[in-house]
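Peer 1:
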Amino acid sequence: MGQVENTALSLANVSKAYGRVRALENLSFNVAEGRFFVLFGPSSVGKTTTLRTIAGLVTPDRGRVEIFGKDWTNQPIAGRGVSMVFQSFALYPHLTVYQNFAYPLVEEKVAKSEIDRRVRETAAMLRLDKKIDRKPNTLSGGEQQRVALGRSLIRRPKILLLDEPLTNLDAKLRHDMRAELKRLHRQFGLTIVYATPDELEALSMGEEIAVMRDGAIVQIGSPDELYEAPRDLYVAGKIGSPHMNIIQGRLAADGAALETSIGALPFARRLQTAQAGEAALVGIRPNDIRFAGGGERGLSASIAMLEPLGDVTVVSVETGGQTLRMVLPESAAAGLQPGQPAAVVLDPAKFHIFRASSGQVIA
Amino acid sequence: MASGVSFWERIGFRSGGGVGDAGWGRTLGVAIVSLIYFLPVLFIIFTAFKPQELALSVPPTLSPTSFFGLIPDQFVFSPTLENFGSVFSRVMTAGGAPEATGFDRFFFNSIVIATVSVLLALVLGTLASYGFSRYPLKGNDTYLFIILTTRMLPAIVVVIPIILMFRAVGLAGSYTGIILLYTAFNLAFTIWMMKSFFDELSTDVEDAARIDGSSETKVFLKICLPQVVAGLAATFVFGLILTWNEFLFALLLTGPDTRTVPVAMNQAVASGGRGTDWTLLAAIETLFLIPVFLVTFFLQDHLLRGVTFGTVKK
Numbered sequence: 001m002g003q004v005e006n007t008a009l010s011l012a013n014v015s016k017a018y019g020r021v022r023a024l025e026n027l028s029f030n031v032a033e034g035r036f037f038v039l040f041g042p043s044s045v046g047k048t049t050t051l052r053t054i055a056g057l058v059t060p061d062r063g064r065v066e067i068f069g070k071d072w073t074n075q076p077i078a079g080r081g082v083s084m085v086f087q088s089f090a091l092y093p094h095l096t097v098y099q100n101f102a103y104p105l106v107e108e109k110v111a112k113s114e115i116d117r118r119v120r121e122t123a124a125m126l127r128l129d130k131k132i133d134r135k136p137n138t139l140s141g142g143e144q145q146r147v148a149l150g151r152s153l154i155r156r157p158k159i160l161l162l163d164e165p166l167t168n169l170d171a172k173l174r175h176d177m178r179a180e181l182k183r184l185h186r187q188f189g190l191t192i193v194y195a196t197p198d199e200l201e202a203l204s205m206g207e208e209i210a211v212m213r214d215g216a217i218v219q220i221g222s223p224d225e226l227y228e229a230p231r232d233l234y235v236a237g238k239i240g241s242p243h244m245n246i247i248q249g250r251l252a253a254d255g256a257a258l259e260t261s262i263g264a265l266p267f268a269r270r271l272q273t274a275q276a277g278e279a280a281l282v283g284i285r286p287n288d289i290r291f292a293g294g295g296e297r298g299l300s301a302s303i304a305m306l307e308p309l310g311d312v313t314v315v316s317v318e319t320g321g322q323t324l325r326m327v328l329p330e331s332a333a334a335g336l337q338p339g340q341p342a343a344v345v346l347d348p349a350k351f352h353i354f355r356a357s358s359g360q361v362i363a
Numbered sequence: 001m002a003s004g005v006s007f008w009e010r011i012g013f014r015s016g017g018g019v020g021d022a023g024w025g026r027t028l029g030v031a032i033v034s035l036i037y038f039l040p041v042l043f044i045i046f047t048a049f050k051p052q053e054l055a056l057s058v059p060p061t062l063s064p065t066s067f068f069g070l071i072p073d074q075f076v077f078s079p080t081l082e083n084f085g086s087v088f089s090r091v092m093t094a095g096g097a098p099e100a101t102g103f104d105r106f107f108f109n110s111i112v113i114a115t116v117s118v119l120l121a122l123v124l125g126t127l128a129s130y131g132f133s134r135y136p137l138k139g140n141d142t143y144l145f146i147i148l149t150t151r152m153l154p155a156i157v158v159v160i161p162i163i164l165m166f167r168a169v170g171l172a173g174s175y176t177g178i179i180l181l182y183t184a185f186n187l188a189f190t191i192w193m194m195k196s197f198f199d200e201l202s203t204d205v206e207d208a209a210r211i212d213g214s215s216e217t218k219v220f221l222k223i224c225l226p227q228v229v230a231g232l233a234a235t236f237v238f239g240l241i242l243t244w245n246e247f248l249f250a251l252l253l254t255g256p257d258t259r260t261v262p263v264a265m266n267q268a269v270a271s272g273g274r275g276t277d278w279t280l281l282a283a284i285e286t287l288f289l290i291p292v293f294l295v296t297f298f299l300q301d302h303l304l305r306g307v308t309f310g311t312v313k314k
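Just so you know, the sequences run in chain order W and D.
Residue numbers 1 to 363, in UniProt numbering, belong to the letters of the first sequence in order.
Residue numbers 1 to 314, in UniProt numbering, belong to the letters of the second sequence in order.
Here it is, written out as structure tokens:
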């Protein structure tokens, strides 16, 4: 990065309602040129509507959509330099793979010889050269996916929109396609806006992730930022696997500890903006809990469940009616038995402290 | 006609004896039931080839050949083409010379009127149903219901006002009149049929075309229409059969020049006071079957997909 980045796409205060249903609520974000930008959130949260607004299929009620500095808010679809891969792939079922690829170029009135050259080049790149005369319904899911991708790339779009493109594929293919998409992104320097409900996809591919909730963006940041400093409970709960442990309690009088059912949890710093006695929550990642070392004082707990996941083991411990999950290397978890007593240490420097009323992080 | 099915396969001769997974038992069962259904049609076709005196013979003659003596002589007739000649030209008055009956004209009328009105309804109805499906109005369902009600009343109920209206504007007896009437009647059916086909299409595919740079016209012509070819074929054939067979309106609203075959058929056998000429009637009916048979035959692949469309969840 370092050099000055062009803004490829900019949405400012975009709102859209369908009758009483508010699909998008004051949506604002910028995507720098060449960036892999992820819209992340559960289904029907407004991801698809956002993509359709960028493509021009949806005209927003309010707000502004700019693509490379030009206002496209109320402009027609054509000419945006935006292409889109639909969740359903949306291949033209009556056309062959060749004709599917050629379609956008025919509509752009590209010369026949040039169309033929680019179709064959795209087919070769996506390893579809042997299937070029087949109709979409005779192709496998992965092949259909690649046709959809090829049809979007063949126009050499400035911005590529991907709407849950991997949802309809099986696990193995999904893994392969993630790598393939990252490779294409690097190869073409494309600006990509990628919508997904899958945390793994978001974190592994996104350079920048916008976490969405009820048609609005909750937080935008790099995967690290979202993981290290979630702005509220919603983001904290969505990012990170296994999920963050959440402990309820009330703030101590000095604002430097949380009184909980498992005892007082002292903070590493004094909170400035909180009131004594206020209901609050402490979140701590499973990686930030460890067993107490020799002579160290920890919370007394008992081991409730072990979930071996290969190189790591998720250990659930119970303390004062609260279940905490921790992630240990497989070697450290060896020999543990459910029911066995243990002492655990929660790293205060890694606490995420949230206000119970709003779910917002407390500064 | 997209598939590579040969002529012989098309008419039922499939490799492997054509039995497939069903087995001989079931195939035989279906064959027997089909034969029972087809028997009246077969009887009419045979009657068309019989000499006049054998038309109502008891026991009926059932076969044009004795199959090398397998069938007893009293069931066998010797086929003749005389009846087909009589359709177009025959002796009308005792001792007179053969006169032209005008049936060439009536067949021409039937073909032109049915084809034009069904095609017209197909064009208008497809456009209308695309509109109803993609750009619903306030009260869309009400409009669709009103359109359907035009087909709910029996023809006999509305025929008098229609005759009066046609007379008033001078459409009675003209090609334009009967074609417009049939178009209007086919339109309701076409709109309902085609709307269900358009409803089944994925709108994502259309949006993909919009993003690929297609105008709304091109989305309709290049994306939607090719996907409903089976529906167009099915609607065309059903509409054609309904119109081809229509009798009541044709009887009351066509003139001597625009008369269609069903009306002429009735008049050919009912006039003259010599009793019904059954073999002549059978010959007209046999000729009358041919166009419908041909159209159904050539569109059968699309037709099957058309009538089973939407019954299987993708």
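Glycine included, every Cβ here is placed at the ideal spot set by N, Cα and C.
Does the beta carbon of L141/W come closer than 9 Å to any beta carbon on chain D?
Peer 2: Walking along the first sequence from the start, residue 141/W turns up at place 141. A quick correction: the sequence has Gly, not Leu, at residue 141/W. It does not; no Cβ of chain D falls within 9 Å.
Peer 1: If you follow the alpha helix (DSSP H) that E180/W is part of, which residue opens it and which one closes it?
Peer 2: Sequence index remark: in the first sequence, residue 180/W carries index 180 (1-based). That run of the alpha helix (DSSP H) goes A171 to F188.
Peer 1: At a CB distance below 9 Å, what residues from the region 23 to 45 of chain W approach chain D? Give them in sequence order.
Peer 2: Listed in sequence order: no entries.
Peer 1: If we define contact as Cβ-Cβ less than 9 Å, is V312/D a contact residue for chain W?
Peer 2: Here residue 312/D corresponds to residue number 312 of the second sequence, with the count starting at 1. Its pLDDT being 44, under 50, V312/D is placed unreliably in this model, and the coordinates cannot settle the point.
Peer 1: Enumerated in chain order, which unbroken segments of the alpha helix (DSSP H) with a length of 4 residues or greater are wholly contained in the region 146 to 185 of chain D?
Peer 2: Taking only runs of at least 4 residues, the alpha helix (DSSP H) segments lying wholly in the region 146 to 185 of chain D are 155 to 169.
Peer 1: Is there a Cβ from chain D that is less than 9 Å from the Cβ of F86/W?
Peer 2: Taking the first residue of the first sequence as position 1, residue 86/W is located at position 86. Yes, because at least one Cβ of chain D sits closer than 9 Å to the Cβ of F86/W.
Peer 1: Is R259/D close to chain W? Criterion is C-beta to C-beta, closer than 9 Å.
Peer 2: What you label residue 259/D is simply residue 259 of the second sequence in a count that begins at 1. Not closer than 9 Å to any Cβ of chain W, the Cβ of R259/D fails to qualify, so no.
Peer 1: Distance check for L304/D and V87/D, CA to CA, integer angstroms please.
Peer 2: Against the second sequence, residue 87/D aligns to sequence position 87. Against the second sequence, residue 304/D aligns to sequence position 304. For V87/D and L304/D, the distance between alpha carbons rounds to 34 Å.
Peer 1: Identify, in the order they occur along the chain, each residue of the same chain with its Cβ nearer than 7 Å to the Cβ of residue 383/W, setting aside the five sequence neighbours on each side.
Peer 2: Because chain W here runs from 1 to 363, residue 383/W falls outside it and cannot be looked at.
Peer 1: Just to make sure I have the definition right: I need the residues of chain D whose C-beta is within less than 9 Å of the C-beta of L57/W. Which are they?
Peer 2: In the first sequence, the residue the question calls residue 57/W occupies position 57. In chain order: D207, R210 and I211.
Peer 1: Counting C-beta neighbours from all protein chains within 10 Å, is the total for S78/D 16 or more, i.e. buried, or is it exposed?
Peer 2: As a first step, residue 78/D must be located in the second sequence, where it is residue number 78. That one is exposed.
Peer 1: Could you tell me if N6/W is buried or exposed, where buried requires 16 or more neighbouring beta carbons within 10 angstroms of its beta carbon?
Peer 2: Position 6 of the first sequence holds residue 6/W. Looking at its Cβ environment, which holds fewer than 16 other Cβ atoms inside 10 Å, N6/W is exposed.
Peer 1: How long is the line joining the alpha carbons of I362/W and Q272/W, rounded to whole angstroms?
Peer 2: Residue numbering aside, residue 362/W sits at position 362 when the first sequence is read from its first letter. Residue numbering aside, residue 272/W sits at position 272 when the first sequence is read from its first letter. If I take the Cα positions, the gap works out to 8 Å.
Peer 1: Would you please state the rounded distance, in angstroms, between the beta carbons of W278/D and L56/D? I believe it to be under 8 Å.
Peer 2: Your numbering for residue 278/D matches position 278 in the second sequence. Your numbering for residue 56/D matches position 56 in the second sequence. About 6 Å separates the two Cβ atoms, so the contact holds.
Peer 1: Within 10 angstroms of its Cβ, does S43/W collect 16 or more other Cβ (buried), or is it exposed?
Peer 2: Start at 1 with the first residue of the first sequence, and residue 43/W comes out as number 43. Exposed: under 16 other Cβ atoms inside 10 Å.
Peer 1: Hey, is S196/D's beta-carbon within less than 9 Å of any beta-carbon in chain W?
Peer 2: The residue labelled residue 196/D in the question sits at position 196 within the second sequence. It does not: the Cβ of S196/D has no partner Cβ on chain W nearer than 9 Å.
Peer 1: Identify the residues that DSSP records as bridge partners of residue 367/W: which are they?
Peer 2: Lying outside 1 to 363, the shown extent of chain W, residue 367/W is not represented and no answer is given.
Peer 1: Could you confirm whether any beta carbon from chain D is found closer than 9 Å to the beta carbon of R151/W?
Peer 2: If you number the first sequence from 1, residue 151/W lands on position 151. Chain D contact via Cβ: present.
Peer 1: Let me know the secondary structure DSSP gives H352/W once reduced to three states.
Peer 2: Walking along the first sequence from the start, residue 352/W turns up at place 352. H352/W falls in the strand class under three-state DSSP.
Peer 1: Taking three-plus beta-carbon pairs below 8 Å as touching, is the region 65 to 76 of chain W in contact with the region 6 to 17 of chain W?
Peer 2: Yes, they touch.
Peer 1: When you compare each of Y98/W, G189/W and A301/W to P136/W by their alpha carbons, which one comes out closest?
Peer 2: As a position in the first sequence, residue 136/W is number 136, starting the count at 1. P136/W has its Cα closest to that of Y98/W, out of Y98/W, G189/W and A301/W.
Peer 1: What alpha helix (DSSP H) runs, 4 residues minimum, are completely inside the region 52 to 122 of chain W?
Peer 2: Segments of the alpha helix (DSSP H) lying fully in the region 52 to 122 of chain W: 97 to 107.
Peer 1: What residues in the region 90 to 101 of chain W bring their beta carbon closer than 7 Å to a beta carbon of chain D?
Peer 2: For the region 90 to 101 of chain W, which is checked against every Cβ of chain D, the residues closer than 7 Å are A90, Y92, P93 and H94.
Peer 1: Please state the DSSP three-state secondary structure of L120/D.
Peer 2: Taking the first residue of the second sequence as 1, we reach residue 120/D at position 120. Helix at L120/D.
Peer 1: Measure the C-alpha to C-alpha separation of L39/W and A208/D and round it to an integer number of angstroms.
Peer 2: Numbered from 1 along the first sequence, position 39 holds the residue referred to as residue 39/W. Numbered from 1 along the second sequence, position 208 holds the residue referred to as residue 208/D. Whole-angstrom Cα-Cα distance: 20 Å.
Peer 1: For S214/D, go through chain W and note every residue whose CB falls closer than 7 Å to its CB, in chain order.
Peer 2: Sequence index remark: in the second sequence, residue 214/D carries index 214 (1-based). Ordered by position in chain W, the residues that pass the 7 Å Cβ test against S214/D are E107.
Peer 1: Output, in chain order, the set of chain W residues within a Cβ distance shorter than 8 Å of D199/D.
Peer 2: If you number the second sequence from 1, residue 199/D lands on position 199. What D199/D touches in chain W: nothing, since even the nearest Cβ is about 16 Å away.
Peer 1: Looking at C-alpha atoms only, which residue of I111/D, F197/D and L28/D is the closest neighbour of N245/D?
Peer 2: As a first step, residue 245/D is located in the second sequence; it is residue number 245 there, counting from the start. If we check each option's Cα against that of N245/D, I111/D comes out closest.
Peer 1: If we ignore side chains and look at the alpha-carbon of each, how far apart do Q203/W and L299/D end up?
Peer 2: In the first sequence, residue 203/W corresponds to position 203, counting from 1. In the second sequence, residue 299/D corresponds to position 299, counting from 1. Going by the sequence as given, residue 203/W is Leu instead of Gln. If you take the alpha carbons of L203/W and L299/D, they lie about 53 Å apart.
Peer 1: Would R231/W pass as a contact of E278/W if the rule is Cβ separation under 9 Å?
Peer 2: Along the first sequence, one-based indexing puts residue 231/W at 231. Along the first sequence, one-based indexing puts residue 278/W at 278. Their beta carbons are not under 9 Å apart, which means R231/W does not touch E278/W by this criterion.
Peer 1: Hey, would you say K37/W sits closer than 9 Å to E201/W, going by beta carbons?
Peer 2: As a position in the first sequence, residue 37/W is number 37, starting the count at 1. As a position in the first sequence, residue 201/W is number 201, starting the count at 1. Checking the sequence, you will find Phe at residue 37/W rather than Lys. Contact: no.
Peer 1: Could you list the residues in the region 61 to 79 of chain W with a C-beta less than 7 Å from some C-beta on chain D, going in chain order?
Peer 2: So the list reads I77 and A78, given in the order they occur along the chain.
Peer 1: Is D301/D close to chain W? Criterion is C-beta to C-beta, closer than 9 Å.
Peer 2: Position 301 of the second sequence, counted from the first residue, corresponds to residue 301/D. Answer no: the Cβ-Cβ gap between D301/D and chain W never drops below 9 Å.
Peer 1: Does the beta-carbon distance from I217/W to S28/W come in below 9 Å?
Peer 2: Locating residue 217/W in the first sequence gives position 217, counting from the first residue. Locating residue 28/W in the first sequence gives position 28, counting from the first residue. Cβ atoms of I217/W and S28/W: closer than 9 Å.
Peer 1: If you pair each beta-carbon of the region 142 to 156 of chain D with each one of the region 206 to 226 of chain D, do three or more pairs fall below 8 Å?
Peer 2: No: the two stretches stay apart, fewer than three of their Cβ pairs being nearer than 8 Å.
Peer 1: Hey, is P60/D's beta-carbon within less than 9 Å of any beta-carbon in chain W?
Peer 2: Against the second sequence, residue 60/D aligns to sequence position 60. Taking Cβ atoms only, chain W never reaches closer than 9 Å to P60/D, which makes this a no.
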